[in-house]
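Accompanying notes for the structure given below.
2 protein chains.
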Amino acid sequence: MTKQEFREFISRGIVYLDGATGTRLEKKGMPVGVCPEKWVLDNPEVLLELQNEYIEAGSQIVYAPTFTANGIKLNEYGLGDKIKEINQGLVKLSKQAVQGKAYVAGNMTMTGAQLYPMGNMEVETLIQVYKEQAGYLAQAGADLIAIETMMSLAETRAAVLAVKEVCDLPIMASMSYNEDGRTLYGTDPITATVVLQSLGIDVIGINCSTGPDKMIPLIKQMKEYANVPILAKPNAGIPVLVDGKTKFMMESEEFGNYGKQLVEAGASILGGCCGTEPGHIEALKKATENMEVLPPLKKKKRALASERKTVTIEENGPFMIVGERINPTGKKKLQEELKNGRLDLVLTMAEEQENNGAHILDINMGMNGIDEKEMMLKVVREVSNNVQLPLCIDSSHVNIIEAALRIYPGRALINSISLEKEKFEKLIPIAKKYGAMFILLPLSDDGLPENVEEKKMIIHKILDRAIEIGIEKEDIIVDGLVATVGANSRAAIECFETIEYCKNTLGLATICGLSNISFGLPERSYVNSAFLSVAISKGLTMAIANPSQDLLMNIGLATDLLLNKEEADIRYINGVRA
Amino acid sequence: MTKQEFREFISRGIVYLDGATGTRLEKKGMPVGVCPEKWVLDNPEVLLELQNEYIEAGSQIVYAPTFTANGIKLNEYGLGDKIKEINQGLVKLSKQAVQGKAYVAGNMTMTGAQLYPMGNMEVETLIQVYKEQAGYLAQAGADLIAIETMMSLAETRAAVLAVKEVCDLPIMASMSYNEDGRTLYGTDPITATVVLQSLGIDVIGINCSTGPDKMIPLIKQMKEYANVPILAKPNAGIPVLVDGKTKFMMESEEFGNYGKQLVEAGASILGGCCGTEPGHIEALKKATENMEVLPPLKKKKRALASERKTVTIEENGPFMIVGERINPTGKKKLQEELKNGRLDLVLTMAEEQENNGAHILDINMGMNGIDEKEMMLKVVREVSNNVQLPLCIDSSHVNIIEAALRIYPGRALINSISLEKEKFEKLIPIAKKYGAMFILLPLSDDGLPENVEEKKMIIHKILDRAIEIGIEKEDIIVDGLVATVGANSRAAIECFETIEYCKNTLGLATICGLSNISFGLPERSYVNSAFLSVAISKGLTMAIANPSQDLLMNIGLATDLLLNKEEADIRYINGVRA
Ligand SMILES: [Zn+2]
Ligand SMILES: [Zn+2]
Ligand SMILES: [Zn+2]
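First to last, the protein sequences are chains W and V. For the first sequence, this note's numbering begins at 1 and goes up steadily by one. For the second sequence, this note's numbering begins at 1001 and goes up steadily by one.
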């Protein structure tokens, strides 16, 4: 099935998935401790029966039982040489079961091996594991891929990238949330939505862990951010231990009734996870089949995310700061530490900037005497583990930016894409592939634009190309390109004009550096601060700056307050520094 | 002659005055030491001959020889009881001399008595002396009044007010400048122009003291500000002492040739002062009669002045500060000093504010336990004598404002005129009479406007009435009326909107207070400063503030710099405080 066909299919109304496979197989005689994939292949009639029951109950998509058929898991069962055979065999078996009456999703989940720093696995290793499995699933004729029961956003992201690299099949990805509303690894459903849909998946969802009741508020949260349909595949309630055995007690009718609330909350792809049976799917269908589906959000939210936090960039929202400190340029001590492979200062800077009110952290490792790429990956990993803020990947090398985006477990900002040939041609597709936002830097191979008109022309060229390949306006932040007022007396005015043009005419967010403007002048902080407040009043979205500058931060907070931005009074009162 | 007739007459081209009277009378036999006015009346044939010679030479206006016929001077000659007789007699004699072939100007000059603090005379006393003389001149049929050879701007202002209070005759006022370009009392020609033309005189000029050559640069300066024609009436060169006698040596031809340069510099009303004879006037006419006259400046400059300094308020010029400190509200120590009649602190505040970069000083004496009017007059006098800055007269009492304007030797700013009945009806004509600029405060008897539309409506009502009685847009500065952002979250936005409306739609200058906005908030200076920089970017002209606030002043300077205002870079570099 093509993505286009799938999108049309899921846009027509509520789509019903199947119910549990694992708990059903156990009921139908699968012993505890065996490799489920192998057992199914050895007992094909069980799956045929099981999936037929779901189709009769109303399932339109069934999951091939390839859940843990990845290289790492199968190796644990001594089946490392049977990956192809198992995945292909199970997809084919499911295709045989459904007889064209339903779609078959190739099913994937976590490998059990953990990424650094919880374990030792590299992201790239995991991507390769998933690519192997996904490749076989696609080859065998899976109609789509369902990545589910994910508890790590980083692993989910690796799985999605892997699928995208081996096929063009539609992708549904669902994560499992504890009762506190976060995954085991700490990701909240909004962050999962922002990060995963930016990668181009077709359905975002929640499955397993809780019953349908606990999913309702999470679906509501996701609905505020989701531009794709939302999947809900709850367990039949919270498991309880009865006579030493895990039981799921929620009856089908109650389950079905919760289905209504899930649809009201925004879900439109419904199924069951552990403990659910054909009766649950039937009840779900009966309760919801005539309901109207809430359409996905049309306008994309501007949002960046780390693995555990989403930072939303509202059109008229709080003025934001990209912390600029993690950059060795002109910092002797930091350079020395990096040369010695120490990141203490980097981590201190990261934490200080977070505490001082930065919303995003810029990471730049451009210096002589180190391997910039290796250092960038190391810093991205360590900073991600130590602070909650999303990162801005700042390098003049395309390959370094791509490498960082590949491992970054959130949604990053690229700093930056200009009209310089190398960047323009390579980085726009990279931004698209990794779902990153990017800073549009309006300069070209000819250098800085000579005037505002030329600046606007460059902005349009980059914007047009980005839109052409499916990037949206909300993914782009234009750098106002601040010159030095000492060298060009119209520097600030031209930047203000660019900001107003981007905001009012193009609907694009903007960013500015805050130190260039005052270069060579005495008492520069006053010039920077005055620039900031006028720029905010013109619509500037964010600035790259050092958030430890009290004057700048206070003026920024005060300007938001004066412009009557939402809750700016509270932010000012809580945030102003004496 | 009505003002209207006179204005038409002088707008037709170059107008020729007469030459010297005093030096000519001496040549024709008047002894040294007599009262000239008395001698002329006793020897009428001398004046008839003298003025006929001038008319033959081309004079279109002759000055009746009433130069020192004021009560103070005549008293010195024991002729205090002959004021009426002398002034009326001399005007009638001149009228007889000219036989309708020229206009006769009643002539007035300084009394020799000095105003406080050089002497003990009160401004009001002087006004009464001049009113007496001017009244007789007008009654006797003078076609206009020529106030000349003035060295004190305060005395000139008193003379002009006096003439205006007794008749509607056209007024020409000319001052005498030393070679350093200032009058004996320190007034420069731009300041004289600004202050005197604001009082509604018809011609502004220079006479006596120097020859025509030295007047050229001064005329050029005046031309930049003068909305009325300019008069030049030079001596026949600098006087030299020959055989113990003062002689004026410039020959008529040279004098006439300088006339060309005076016309090129902007003068259009030409005559001669000490040492000039009918030949000089003839030469002047011959050299200039076919020249084109430069028209007066159409658009009025926004300018305030003290007695010795003009402060111009340019449309896109430097952001300006009205120093707010001289106001006892909330200042215990100042209140105590004022109660004890001491002005030490007031004068310290005035000097400090001047040194800290204020452009105008607000004077408010509103407090209990003192005579506000008496204190206002005292402070206006003392501050005027101690600092160069123009004053802003700030009182809620109409009579106090008028009393201050009556004695103030410059062009003041009234703080303020609202739509409150008492202020609206009485203060607009007072502003017009005394040539003051005023702050238009958009509130009414119903209190503060409820929204921006109501604010605009009030602005229009006050503006329309002001324009109706001959005040110009350039005389008005609108108070943006800053509310407290803590009480009205749109306070700043509404003020910004008012500023933009005044600047872009109405072409009016604006002013704001800078402390209201942040009332009740912590670290208020940041809110005030952010407000300031955005307001300046919207076009705010000036703020009432305490110029000792480094943050505010630095941000103001920086904002001007960023907006690329003329010479703002130099002002920033010289003015920013660490
Ligand atoms: Zn489950
Ligand atoms: Zn604007
Ligand atoms: Zn003279």
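Think of the CB as a built atom: it goes at the ideal place given N, C-alpha and C, for glycine as much as any other residue.
Pairing residue 1266 of chain V with residue 1110 of chain V, the inter-Cα distance amounts to about 26 Å. Under DSSP, the beta-bridge partners assigned to residue 107 of chain W are W/146. Any heavy atom of ligand 1 counts here; residues with a Cβ closer than 5 Å to one of them, in chain order, are W/208, W/273, W/274. Against chain W, the beta carbon of residue 1523 of chain V has neighbours under 9 Å at 554, 558, 572, 576, 577, 578, listed in chain order. Per DSSP, residue 1268 of chain V is one residue of the beta strand (DSSP E) stretching across 1267-1270. Sixteen is the threshold: when 16 or more other Cβ atoms of the shown chains lie within 10 Å of the Cβ of residue 151 of chain W, as they do, the residue is buried.
Here residue 447 of chain W carries a strand assignment [DSSP, helix/strand/coil].
The alpha helix (DSSP H) runs lying completely inside the stretch 68-114 of chain W and spanning 4 residues or more are 71-76, 83-98, given in chain order. It is roughly 14 Å from the alpha-carbon of residue 139 of chain W to the alpha-carbon of residue 162 of chain W.
Distances between the C-beta of residue 1068 of chain V and the heavy atoms of ligand 3 are all 7 Å or more. Within the stretch 1273-1303 of chain V, complete alpha helix (DSSP H) segments of at least 4 residues are found at 1278-1288, given in chain order.
Fewer than three Cβ pairs drawn from the stretch 271-283 of chain W and the stretch 370-384 of chain W lie within less than 8 Å of each other, which leaves the two stretches out of contact.
Under DSSP, residue 479 of chain W forms a beta bridge with W/511. About 17 Å separates the beta carbon of residue 1464 of chain V from that of residue 1439 of chain V, a gap too long to meet the 8 Å contact definition.
At a cut-off of 7 Å, the beta-carbon of residue 1183 of chain V does not count as near ligand 3: no heavy atom of the ligand is closer than that. The beta carbon of residue 308 of chain W sits no closer than 8 Å to any beta carbon of chain V. Scanning chain W for C-beta atoms nearer than 7 Å to the C-beta of residue 1537 of chain V yields 534, 537, reported in chain order.
Contacts with chain V at 8 Å (Cβ-Cβ) include residue 569 of chain W.
With fewer than 16 other CB atoms across the displayed protein chains lying within 10 angstroms of its CB, residue 1460 of chain V is exposed. Contact between the stretch 421-438 of chain W and the stretch 318-336 of chain W is absent: fewer than 3 CB-CB pairs across the two stretches fall below 8 Å. Neighbourhood of residue 1319 of chain V in chain W, by CB distance below 8 Å: empty, with the nearest CB roughly 11 Å away.
Taken in chain order, the whole beta strand (DSSP E) runs of length 3 or more contained in the stretch 1219-1258 of chain V are 1230-1233, 1239-1242, 1245-1248. DSSP places residue 1172 of chain V outside any alpha helix (DSSP H); the residue lies instead in the beta strand (DSSP E), whose first and last residues are 1171-1175. Between ligand 3 and residue 1235 of chain V, a heavy atom-to-CB distance of less than 7 Å is present.
At least one beta carbon of chain W lies nearer than 8 Å to the beta carbon of residue 1531 of chain V. Counting along the chain, no alpha helix (DSSP H) covers residue 140 of chain W, and no H or E run does either. At a cut-off of 8 Å between C-beta atoms, residue 385 of chain W does not count as an interface residue with respect to chain V. Minimum Cα-Cα distance from residue 1245 of chain V among the listed residues V/1483, V/1032, V/1405 corresponds to V/1032. DSSP places residue 1377 of chain V within a helical segment (H, G or I) once states are collapsed to three. Residues of the stretch 1486-1499 of chain V whose Cβ lies closer than 7 Å to any Cβ of chain W, in chain order: 1489, 1490, 1492, 1493. Contact check for residue 228 of chain W against residue 190 of chain W fails: the beta carbons are separated by 8 Å or more.
By the neighbour-count criterion, in which 16 or more other beta carbons inside 10 Å mark a residue as buried, residue 541 of chain W falls on the buried side. For residue 1367 of chain V, there is no enclosing beta strand (DSSP E), as DSSP marks it with neither H nor E. Between residue 1282 of chain V and residue 1472 of chain V, the alpha-carbon positions lie close to 39 Å from each other. A Cβ of chain V is located within less than 8 Å of the beta carbon of residue 527 of chain W.
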